[in-house]
Structures are given as C-alpha cells and as structure tokens.
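Reading the sequence shown from the start, the letters are residues 1 to 70 in the numbering used here. The beta carbon of each residue, even a glycine, is placed where N, CA and C say it ideally should be. Working notes, beginning with the structure itself.
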Amino acid sequence: MSDEQILLNLFTRLDTSGDGVLSLEELRKGLLSSGATENVVTKIIEMLDSNSDGIITYQEYIQAINRGVM
C-alpha cells in the first residue's frame, strides 16, 4: 500500500460522518483517542485549518503532513 493510500485511509477513518471533510470535532475525537492531549489537539487544529472555516479538507490535511504538522 502506498503512503498516499495510507494517508487517505486515515483521513477516511477520521471522517466518521462520511462527508469527505473533517469537522473539528471529528479531528478532535480522533486525535484524543490516539492519546494526544487537549493542548496538542488544539494546536494541531489551528495548524490544519488553514482558512479557519471549521473544517479540514483532504487538501489541508495533506498540506499539513507535507509541512510536518502531523
């Protein structure tokens, strides 16, 4: 499985509503269930939501990974 496929699978798992984007709550729950602290989650969300619209698109997700945020 390619790295891109692995990243897509993770994004899809976090997208519990299945709408193709991550709400801040979906991301928060996913990160907290992985053992991240609330402080770390808040910082990651701030870095991921580049346009501050309250959702994380797959493009924002990939851009953050490429910047080393996740």
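With three or more CB-CB distances shorter than 8 Å, the stretch 16 to 23 counts as touching the stretch 41 to 60.
Considered as a whole, the stretch 11 to 48 harbours 24 to 33 and 38 to 48 as its complete alpha helix (DSSP H) runs of no fewer than 4 residues, in chain order.
Nearest to I44 by alpha-carbon distance, out of L27, N51, R13 and G35, is L27.
Ranked by how close their Cα comes to the Cα of M47, the residues L8, T37, E4 and V69 have V69 in first place.
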